[in-house]
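A short write-up of the structure that comes next.
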Amino acid sequence: MSGGGIGLILVIILFAVLAIAGFVYLIISLIDMWKAYSRNQDQTALLFFIISIIGIFISGSFISYVLAIIFYWNRARGKSWLGIGLILVSIVLAIIGVITLLSFGYDMNNIENMNFDEPMMDQDYDY
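In the numbering used here, the protein residues as written are 140 to 266.
Written as C-alpha cells, this is what we have:
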C-alpha cells in the first residue's frame, strides 16, 4: 500500500473516531440540559435542549455543538473547551481530507467530466 493509501485510511479512521466522540459529546450535553431543566426549571436549558434536538436533524448537529458550548460556558468550562476542540479538530480533519483526496488526483472542480462508475486517476485527464 502506498503512502497516500495509508494517509487515506488514517483520515477515515480519524473521521470515525471524531464522529463517535462528537456523538457522545452531544448525548452528554443533551442529558445535562435536561437535568438542568428538570432540577431548576431552567427555561434556557429547555430551549437549548429543544433547539439542539431539532438542530441535529436540520444542520447536521453543528447548531447543537454551538448550543452545547454556550450551555457549558458558565457551568463546566472544561466541557465547553472540549466542544470547541471538537469543532476545530473537525475543521482541520476536513482540510486534511481534501488535501488527501487532491493528492490522489481527484479534481473537485471538474464535475462535468466526472465518471462516477470508476475512480478518477491522473491518466483520465488530457493535460
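Heads up, the beta-carbon is just placed ideally off N, CA and C, and yes, glycines get one too.
Beta-carbon proximity of residue i to residue j, cut-off 8 Å
| i | j | result |
| --- | --- | --- |
| Tyr164 | Leu225 | yes |
| Gly236 | Val150 | yes |
| Ser229 | Leu157 | yes |
Coarse secondary structure for residue i, derived from DSSP in three states
| i | result |
| --- | --- |
| Ala215 | coil |
| Gln182 | helix |
| Ser229 | helix |
| Ser198 | coil |
Residue i classed as buried or exposed, judged by whether at least 16 other C-beta atoms fall within 10 angstroms
| i | result |
| --- | --- |
| Gly194 | buried |
| Ala184 | buried |
| Gly222 | buried |
| Phe196 | exposed |
| Ile208 | buried |
| Ser242 | exposed |
Integer Cβ distance of residue i from residue j, believed to fall under 8 Å
| i | j | result |
| --- | --- | --- |
| Leu206 | Ile190 | 6 Å |
| Phe162 | Phe187 | Not quite, the Cβ-Cβ distance comes to about 18 Å (not below 8 Å), so this is no contact. |
| Gly153 | Leu232 | Here residue 153 is Leu; the residue named in the question, Gly, does not match the sequence. About 6 Å separates the two Cβ atoms, so the contact holds. |
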